[in-house]
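**Student:**
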Amino acid sequence: MVACLGLTLAYLSAAGALWNLGMPQKAIGIPAAVPDDPEIAMAQAAAAFRSSLAIPTARELAQLRTAARLDPLEDEPFLFAALRQSATGNGRKAVRLLEEARRRDPRSTDTRVVLLGHYLKARQAAPAVREIRALSRLLPPQGRAALVALLAGLIRSPDTRAAALGAIPSHPLRIALLEKLARDGADSGLLLEIAAGMGGVAAEGNGAWAERTIEALINRGDLEAARRLWASLYGIEPKYGESAVWDSEFAGLGGPPFGWKVGSGPAGLAEISGSVLRVRYFGRDRAQFARQLLMLPSGSYRLGFRALAYNRHHPADLAWRIACVESREPLIELPLDDSGKAGSASFEVPAEDCPAQWLSLWGRPEPFPETSTVGLRKVWVERTGRP
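Read in order, the letters of the sequence shown correspond to residues 75 to 461 in the working numbering.
Right, dumping it as structure tokens:
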């Protein structure tokens with residue numbers, strides 16, 4: 075089993091590299107020694123296939139055919155015959171033999187890997203994607219990375235993109251594909267095209283992969299495309315409200331980076347529950363409890379909040395903060411002070427070097443720390459000057 079997986083992974087890695095270089099896939103074969111007993115013959119031939127790059131000879135194939143007559147339902151003779159046909163340049167016949175071997179044993183990774191190589195060589199995107207989908211369920215996680223690399227090659231090529239996209243309706247492959255393409259610097263239009271068929275999948279479970287994918291666009295300065303991708307992955311209309319703050323009343327909609335990212339740790343606890351952002355801060359260490367990314371144009375604004383009653387009169391160790399992403403310089407810090415249940419303050423977004431801003435809630439340690447517990451009902455940002 076280890077040898078099988080090792081060769082399978084090696085083949086997929088090589089196939090991915092060759093695909094991206096536009097080179098054909100190479101045939102792989104089996105060694106010579108094949109005993110007469112059908113079960114021993116098949117087992118030893120399969121083991122040899124998984125660990126050797128030799129092409130089977132006509133004599134060896136004859137021995138396998140003899141063994142196959144004693145066990146006519148086996149798939150291996152078709153696989154080995156296909157390898158021989160491939161080695162002699164008869165790719166079409168090799169594919170027919172491989173498809174018959176696959177019909178006899180749909181779970182054979184050996185057959186599917188070689189068949190995938192033939193589909194890639196022939197640039198048959200749809201059947202290649204179907205083999206990738208099947209192998210992604212048969213191989214361990216480390217093998218799936220190579221499959222995604224092959225899929226990315228099909229998607230990047232304009233002549234195979236449409237057929238490949240049409241053949242991958244399942245979310246798991248699209249998720250892995252999006253992550254890889256974003257990490258590799260793929261065009262944002264391609265990422266949006268892939269995400270368009272995913273129907274808000276990021277809202278269905280753990281969205282950490284979505285955050286990583288979107289932040290890859292943010293890190294290269296493509297903010298508008300990043301926000302469109304976020305809206306697509308979370309199933310949110312592009313014009314998602316009048317407030318500059320998404321989910322300003324903490325209904326738990328969407329996710330980071332343009333929605334709330336809430337975190338807990340040694341410094342305290344935070345969660346969104348019952349339309350309230352609840353924070354318990356121990357007052358000892360500086361910590362960030364919630365944040366989301368804004369895209370405020372330059373101009374004058376007002377930041378405000380509304381909260382439930384505090385557990386003490388001076389929770390000034392908690393404060394809302396808005397800072398430019400690039401400079402990280404704060405434009406405003408608004409403490410949760412003894413005003414009780416609401417507060418607001420004005421600030422300016424500069425015209426230069428501040429296309430995006432982090433809105434975040436911070437815990438700021440004091441000389442004599444106390445535990446603060448607060449529930450926030452709403453936070454908003456509104457424009458006060460002319461655009």
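Even glycine gets a Cβ: it sits at the ideal position worked out from N, Cα and C. All figures in this text were calculated on a predicted structure; none of them were measured in a lab.
Let me know the secondary structure DSSP gives Tyr-308 once reduced to three states.
**Tutor:** Working through the sequence shown from its first residue, we reach residue 308 at position 234. Reduced to three states, the DSSP call for Tyr-308 is coil.
**Student:** Roughly how many whole angstroms lie between the Cα atoms of Ala-419 and Ser-401?
**Tutor:** The sequence position of residue 419 within the sequence shown is 345, counting from 1. The sequence position of residue 401 within the sequence shown is 327, counting from 1. One C-alpha to the other measures close to 21 Å.
**Student:** Under the rule that 16 or more other beta-carbon atoms within 10 Å means buried, what is Glu-205, buried or exposed?
**Tutor:** For the purposes of this step, residue 205 is taken as residue 131 along the sequence shown, with counting starting at 1. So Glu-205 counts as buried.
**Student:** Helix, strand or coil, according to DSSP, for Ile-242 in the structure here?
**Tutor:** As a working mapping, residue 242 is identified with position 168 in the sequence shown. Three-state result, Ile-242: coil.
**Student:** Between which two residues does the alpha helix (DSSP H) containing Gln-198 stretch?
**Tutor:** Locating residue 198 in the sequence shown gives position 124, where the first residue counts as 1. First-last for Gln-198: undefined, no H or E at that position.
**Student:** Report the partner residues of Leu-377 according to the DSSP bridge assignment.
**Tutor:** One-based indexing of the sequence shown puts residue 377 at position 303. Answer by DSSP bridge pairing, in chain order: Ala-419 and Val-455.
**Student:** How is the beta strand (DSSP E) around Leu-370 delimited, first residue to last?
**Tutor:** Residue 370 sits at position 296 when you count from the first residue of the sequence shown. Counting along the chain, Leu-370 falls outside any beta strand (DSSP E), and DSSP gives it neither H nor E.
**Student:** Could you tell me the alpha carbon to alpha carbon distance between Asp-233 and Pro-331, rounded to whole angstroms?
**Tutor:** To locate residue 233, count along the sequence shown from 1; it is residue 159. To locate residue 331, count along the sequence shown from 1; it is residue 257. Their backbone Cα atoms lie some 34 Å apart in a straight line.
**Student:** Please classify Pro-151 as buried or exposed, where buried requires at least 16 other C-beta atoms within 10 Å of its C-beta.
**Tutor:** Taking the first residue of the sequence shown as position 1, residue 151 is located at position 77. Pro-151 comes out buried.
**Student:** Return the first residue and the last residue of the beta strand (DSSP E) that Val-350 is part of.
**Tutor:** Looking up residue 350 in the sequence shown gives position 276. First-last of the beta strand (DSSP E) with Val-350: 350–355.
**Student:** Label Arg-177 either buried or exposed according to how many other C-beta atoms from any shown protein chain fall within 10 Å of its C-beta, with 16 as the threshold for buried.
**Tutor:** Taking the sequence shown and counting its residues from 1, one reaches residue 177 at position 103. When all chains shown are included, Arg-177 counts as exposed.
**Student:** Do Lys-452 and Arg-365 have their CB atoms nearer than 7 Å?
**Tutor:** Taking the sequence shown and counting its residues from 1, one reaches residue 452 at position 378. Taking the sequence shown and counting its residues from 1, one reaches residue 365 at position 291. Contact flag unset, no.
**Student:** Between Leu-194 and Gly-259, what straight-line distance do the alpha-carbon atoms span, to the nearest angstrom?
**Tutor:** As a working note, residue 194 is residue 120 in the sequence shown. As a working note, residue 259 is residue 185 in the sequence shown. Going from the Cα of Leu-194 to the Cα of Gly-259 covers about 23 Å.
**Student:** So which of Phe-154, Gly-329, Trp-394 and Ser-244 has the shortest CA-CA distance to Gly-279?
**Tutor:** As a working mapping, residue 279 is identified with position 205 in the sequence shown. It is Gly-329.
**Student:** On the premise that Pro-443 lies in contact with Arg-358, defined as a C-beta separation below 8 Å, what is that separation, rounded to the nearest angstrom?
**Tutor:** For the purposes of this step, residue 358 is taken as residue 284 along the sequence shown, with counting starting at 1. For the purposes of this step, residue 443 is taken as residue 369 along the sequence shown, with counting starting at 1. Yes, they are in contact, since the Cβ atoms of Arg-358 and Pro-443 sit about 5 Å apart, within 8 Å.
**Student:** Less than 6 Å separating the Cβ of Ala-300 from some heavy atom of the ligand ZN?
**Tutor:** Judged by which ligands are present, the structure shown has none, so any question about the ligand ZN falls away.
**Student:** Output the distance between the C-alpha atoms of Glu-440 and Ala-344, rounded to the nearest integer angstrom.
**Tutor:** On the sequence shown, position 366 is the one that residue 440 refers to. On the sequence shown, position 270 is the one that residue 344 refers to. Distance between the alpha carbons of Glu-440 and Ala-344 is about 19 Å.
**Student:** Considering Cα atoms alone, identify which of Ala-256, Val-336, Ser-244 and Ser-434 is closest to Val-455.
**Tutor:** For this step, residue 455 is matched to residue 381 along the sequence shown. Minimum Cα distance to Val-455 is reached at Ser-434.
**Student:** Buried or exposed: which applies to Ala-220, given that a residue is buried once 16 or more other Cβ atoms fall within 10 Å of its Cβ?
**Tutor:** In the sequence shown, counting from the first residue as 1, residue 220 sits at position 146. The residue is buried, with at least 16 neighbouring Cβ atoms inside 10 Å.
**Student:** For Arg-301, count the other beta carbons within 10 Å of its own beta carbon; 16 or more makes it buried, fewer makes it exposed. Which is it?
**Tutor:** Here residue 301 corresponds to residue number 227 of the sequence shown, with the count starting at 1. By the neighbour-count rule (16 or more Cβ atoms within 10 Å), Arg-301 is buried.
**Student:** Quick check on Gln-431: buried or exposed, where buried means 16 or more other Cβ atoms within 10 Å of its Cβ?
**Tutor:** Reading the sequence shown from its first residue, position 357 is the one you call residue 431. By the 10 Å Cβ count, Gln-431 comes out buried.
**Student:** Would you kindly check if the distance between the Cβ of Arg-395 and the Cβ of Pro-404 is under 7 Å?
**Tutor:** In the sequence shown, the residue the question calls residue 404 occupies position 330. In the sequence shown, the residue the question calls residue 395 occupies position 321. Closer than 7 Å, so yes.
**Student:** Look at the Cβ atom of Leu-351, then the Cβ atom of Val-423, and state whether they are nearer than 7 Å.
**Tutor:** Position 277 of the sequence shown, counting from 1, holds the residue named residue 351. Position 349 of the sequence shown, counting from 1, holds the residue named residue 423. Going by C-beta atoms, Leu-351 is not nearer than 7 Å to Val-423.
**Student:** Would you kindly work out how many angstroms separate the C-alpha atoms of Ala-200 and Ala-237, rounded to a whole number?
**Tutor:** The residue labelled residue 200 in the question sits at position 126 within the sequence shown. The residue labelled residue 237 in the question sits at position 163 within the sequence shown. If you take the alpha carbons of Ala-200 and Ala-237, they lie about 5 Å apart.
**Student:** Mind pulling the alpha helix (DSSP H) runs of 4 or more residues that sit fully within the stretch 209–272?
**Tutor:** Listed in chain order, the complete alpha helix (DSSP H) runs (minimum 4 residues) inside the stretch 209–272 are 215–230, 232–240, 245–257 and 262–269.
**Student:** Going by C-alpha to C-alpha distance, which of Gly-217, Gly-326 and Arg-166 sits closest to Gln-198?
**Tutor:** On the sequence shown, residue 198 is found 124 positions in, with the first residue counted as 1. Checked all of Gly-217, Gly-326 and Arg-166; the closest Cα to Gln-198 is Arg-166.
**Student:** Applying the criterion that 16 or more other CB atoms from any shown protein chain within 10 Å of the CB defines a buried residue, is Thr-185 buried or exposed?
**Tutor:** Here residue 185 refers to the residue found at position 111 when the sequence shown is read from its first residue. Thr-185 comes out buried.
**Student:** Look at Ala-250 and Thr-287 and say whether their C-beta atoms are less than 7 Å apart.
**Tutor:** For the purposes of this step, residue 250 is taken as the residue at position 176 of the sequence shown. For the purposes of this step, residue 287 is taken as the residue at position 213 of the sequence shown. Not closer than 7 Å, so no.
**Student:** Using the rule of at least 16 other Cβ atoms within 10 Å of the residue's Cβ for burial, across every protein chain shown, is Gly-163 buried or exposed?
**Tutor:** Looking up residue 163 in the sequence shown gives position 89. Counting Cβ neighbours within 10 Å, Gly-163 comes out exposed, since fewer than 16 surround it.
**Student:** Note the first and the last residue of the continuous alpha helix (DSSP H) segment covering Ala-165.
**Tutor:** Counted from its first residue, the sequence shown places residue 165 at position 91. Note that residue 165 corresponds to Gly in the displayed sequence, not to Ala. 165–178 is the extent of the alpha helix (DSSP H) around Gly-165.
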